[in-house]
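The next block holds one structure in the form of structure tokens; read it before the comments.
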Amino acid sequence: MSELRELYQEVILEHSKKPKNFRVLESANHKAEGFNPLCGDHFTVYVDVKDGSISDIGFQGSGCAISKASASMMTQMLKGKTETEAEGIFTRFHDLVTGHSAGNGQDMGKLAVFAGVSEFPLRVKCATLAWHALRAALKGDQDAVSTE
Amino acid sequence: MSTVAKIPHVIRSASTYDVQKIRKDFPILHQSVHGKPLVYLDNAATTQKPLAVIEAIENYYRRDNSNIHRGVHTLSERATEAYEKVRVAAQKFLNAADHKEIIFVRGTTEAINLVAQSYGRKNVGSGDEVLITAMEHHSNIVPWQLLCDEKGAKLRVAPINDRGELELDEFEKLLGPRTKFVAVAHLSNALGTLNPVRELIRMAHAHNIPVLVDGAQAAPRMQVDVQALNCDFYALSSHKIYGPTGIGILYGKTKLLEAMPPYQGGGDMIASVTFEKTVYNRLPYKFEAGTPNIADTIGLGAAFDYLNTLGLENVEQHEADLLAYATQSVEAIPGVRLVGTAKEKAGVLSFVMEDIHPHDIGTILDTEGIAVRTGHHCAQPVMQRFGIPATARASFGLYNTREEVDALVRGIHKVQEVLG
């Protein structure tokens, strides 16, 4: 039960039920889809980049509690960050959910609630789906990114 | 003696079906997962193996391992005999007319690809149509799409209703002069719908259209008689009928198989080879190029023996009882909705929960030791038909119990507790 509570923390459940920035961004100049063909999770991430910074960001789609909460918190976290900063945060987030983070996410702010994912290796793809889509959007890749 | 004593008929009913004794035959079932006894309800994905199957494979490698149809030495003779005995067992299992009609393949997927690539490429042309149903597994969709793309043919799909039943009138209407082939699931892996395949075959045959039945889910759950069905092809996987992975069966009517070109070229499938001309081997070897999966075929033979001893009619009755009990129990939980509510169902209980994604259901059930499948079950068009991304699916096997269904129900309540 404690592992489960680690995974499904209140913050995560709240974000999955009421995701932030859950909208199509009309002003977006970057956009990409993320798709997990194994479970059908599917998100589109919209980003508006101005002068190398993420001035606005939104997402749409469907997925499990972990993937949706991760997408929601990602949009909160990255608004106003530069592309380079966003890339750095993704790297540290990835380390956190795969259990490679030294500090157990203490430097990750609110995203630290995802530390519990590392106990559930099958759910890493859920936690990182929207992030992969974001990276593809920033790179300008047109094709949907897939976890497989 | 002038009076004849009445001898009662020996009836093997579910009451004589000793599931606890049967469970002892499956070593893997006796373990804990996350500190809870394993409740394995993912039998539509793959079934567990009885000790007899595991030992048959081990004994083959310890004692008889050799290549078949080649050597004159004792081991090769033993291996060949053991391998070919399984073909006869498969013939009996499906009640095929002849053991030559049994082709060993890697599994249902390869069986369907074989028919699409061999029969299909020869007989389906530009403007022709192949008819499938809206409840097919990807393995009974994509091989036909590949064929249709190559030939400029059209894939037609017979619709299903909201209960997940095939719309028979629509199916019949789609059979026409351009229809060259029909491929249908016997039992839907995602919905549990049992199709009236005998009726579908009769409809197709009225137009002289051959029919392939995907029997991956039906074969472990009911007695299949390919002659009574009058199907032209029947495909199944060993690993879903308590045998090893990597082996399966394609049944085909002799007349059709003989007219079909080989699927793959290589050793074993030839009678003679020169650089000018190769003469193909007779059936069934024409379709079995290269050294086959001998060990797993022998494992499959042990699975046939095991199922024959239990009696598939008993397995069918046991699973029908479990499914009825599970349907009643799960349906009664508020916030849970069943997906696939056909009148004729077997083995599979797909469900969704209000505001909870199936993936999360799967993770939480796993922490309770309960293995279910979550996702689209390799049937994305079925999910699209019902407007859902995925389902959670409990699927039953011959060793499952009512107590395990109760554990599933408790698990679902736990899911609501954690995520509610």
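Chains as they are written, first to last, in my numbering: chain X, 1 to 148; chain E, 1 to 420. Just so it is clear, CB atoms sit at the ideal spot from N, CA and C, and this is done for glycine as well. Values in this document were obtained by computation on a predicted structure and should not be read as measured data.
| task | Using beta-carbon positions only, say whether I370/E and L323/E come within less than 7 Å of one another. | result | no
| request: Mind checking who T431/E pairs with in its DSSP beta bridge? | output: Lying before the first or after the last residue shown, residue 431/E is absent from chain E, which here runs from 1 to 420.
| field | CB-CB length for I249/E against A90/E, believed under 8 Å | value | Taking C-beta atoms under 8 Å as the contact rule, I249/E and A90/E qualify, at a distance of about 5 Å.
| Which residues does DSSP pair with Y251/E in a beta bridge? | I102/E and Y234/E
| request: Please list, in chain order, all residues of the same chain as L7/X whose beta carbon is under 8 Å from its beta carbon, the five residues on each side excluded. | output: I66, G116, V117, E119, F120 and R123
| query | So is D375/E in contact with chain X if we call contact Cβ pairs under 7 Å? | reply | Rather than Asp, the amino acid found at residue 375/E in this sequence is Gly. Yes, its Cβ sits closer than 7 Å to a Cβ of chain X.
| request: Kindly indicate the opening and closing residues of the beta strand (DSSP E) around G164/E. | output: Counting along the chain, no beta strand (DSSP E) covers G164/E, and no H or E run does either.
| field | Interface flag, G40/X vs chain E, CB-CB below 7 Å | value | Closer than 7 Å: yes.
| query | Quick one: what's got a C-beta closer than 6 Å to S13/E's C-beta in the same chain, skipping five residues either side? | reply | Confidence at S13/E is low in this model, with a pLDDT of 48, below 50, so its placement is unreliable and the value that follows should be read with caution. So no residue of the chain qualifies.
| query | What residues in its chain sit with their C-beta under 6 Å from that of V19/E, if we drop five residues either side in the sequence? | reply | Around V19/E: T401.
| By the 10 Å Cβ neighbour count, where 16 or more other Cβ atoms means buried, how is D162/E classified, buried or exposed? | exposed
| By Cβ distance, which residues of its chain are closer than 7 Å to V24/X, with the 5 residues on each side in sequence left out? | Y46, G58 and Q60
| said: For a cutoff of 7 Å on Cβ pairs, would you count Y46/X as touching chain E? | reply: no
| request: Take C39/X as the anchor and find which of I89/X, L129/X and A136/X has the nearest alpha-carbon. | output: L129/X
| Using a C-beta to C-beta distance shorter than 7 Å, which residues of chain E count as neighbours of L4/X? | I364, T367 and V418
| message | Using 8 Å for Cβ pairs, my map puts H239/E next to T46/E. What's the rounded Cβ distance? | response | 5 Å
| Partners in chain E for G63/X, counting only beta-carbon separations shorter than 8 Å | Result: H357, H359 and P389.
| task | Kindly list, in the order they appear in chain E, the residues whose Cβ is closer than 7 Å to that of L185/X. | result | Residue 185/X is absent from the structure shown; chain X starts at 1 and stops at 148.
| What's the call for E136/E, buried or exposed, on a 16-neighbour Cβ count within 10 Å? | buried
| task | Quick one: residues in its chain with C-beta nearer than 8 Å to the C-beta of V423/E, no 5 flanking neighbours on either side, listed in chain order? | result | Lying before the first or after the last residue shown, residue 423/E is absent from chain E, which here runs from 1 to 420.
| field | Where Y61/E sits in the DSSP three-state scheme | value | helix
| task | Check distances from the C-beta atoms of the segment 109 to 140 of chain E to those of chain X and list, in chain order, the residues that come in under 9 Å. | result | The segment 109 to 140 of chain E vs chain X, Cβ under 9 Å: nothing.
| message | Taking a contact to mean a Cβ-Cβ separation below 7 Å, would you say E258/E touches T179/E in this structure? | response | With respect to the 7 Å criterion, E258/E and T179/E are not classified as neighbours on the basis of their beta carbons.
| said: Whether or not the segment 47 to 56 of chain E and the segment 271 to 279 of chain E are in contact is what I'm after, with contact meaning three or more pairs of Cβ atoms, one per stretch, closer than 8 Å; do they touch? | reply: no
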